[in-house]
Ligand SMILES: [Zn+2]
Ligand SMILES: [Zn+2]
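Residue numbers (this note's numbering): 200 to 338.
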């Protein structure tokens, strides 16, 4: 697995560092976590890593599109390493749980605008909102 993350970093011309590898591994195992959780996860492997170092890694990986930053309305930013497949998310209004929803079309934009106003549209951001099974059963 580590070799795979090294190859991902090299493919986008990012230097291979232990914090970068640790963040990629953490997001692979724990998709849709917020920054604080990423820091906690990385620290189980690299106890001395600073908050700032993790912020910097997340920014660099997001800019390089190895990591996707998602921010449902009213929620803190979350990160995931599943990129490039235009998948969507379903978000629980009660607890904020997030799950992946495969794009029915498979490519962006997967909705056709009724009027594009002359824009070249390259993405339709779809978020499904609802109640997760845990919250629905604890009513
Ligand atoms: Zn919930
Ligand atoms: Zn996702």
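Don't be surprised by glycine CBs; every beta carbon is placed ideally from N, CA and C.
If we call anything under 8 Å between Cβ atoms a contact, is residue i one with residue j?
i	j	result
residue 266	residue 254	no
residue 276	residue 233	yes
residue 331	residue 274	no
residue 307	residue 322	yes
residue 229	residue 236	yes
residue 302	residue 286	yes
At a cut-off of 7 Å, would you count residue i as near ligand 1, judging by its Cβ distance to the nearest heavy atom?
i	result
residue 331	yes
residue 272	no
residue 293	yes
residue 296	yes
residue 302	no
residue 334	yes
Exercise. Any chance you could list the residues with Cβ under 6 Å from a heavy atom of ligand 2, keeping chain order?
Key: Every residue whose beta carbon comes nearer than 6 Å to a heavy atom of ligand 2 appears here in chain order: 230, 231, 279, 281, 286, 288 and 299.
Quiz prompt | the segment 241 to 260 / the segment 287 to 294 touching (three or more Cβ pairs under 8 Å) | solution = When Cβ pairs closer than 8 Å are counted between the two stretches, the segment 241 to 260 is seen not to touch the segment 287 to 294, the count staying below three.
Practice problem: Count the C-beta pairs between the segment 208 to 221 and the segment 237 to 253 that are closer than 8 Å, then say yes if the count reaches three, no if not. | Solution: Taking 8 Å as the limit for Cβ pairs, the verdict is that the segment 237 to 253 does touch the segment 208 to 221.
Self-check item: Start-end ranges of the alpha helix (DSSP H) lying completely within the segment 249 to 309, minimum 4 residues
Solution: The segment 249 to 309 contains these whole alpha helix (DSSP H) runs: 250 to 262.
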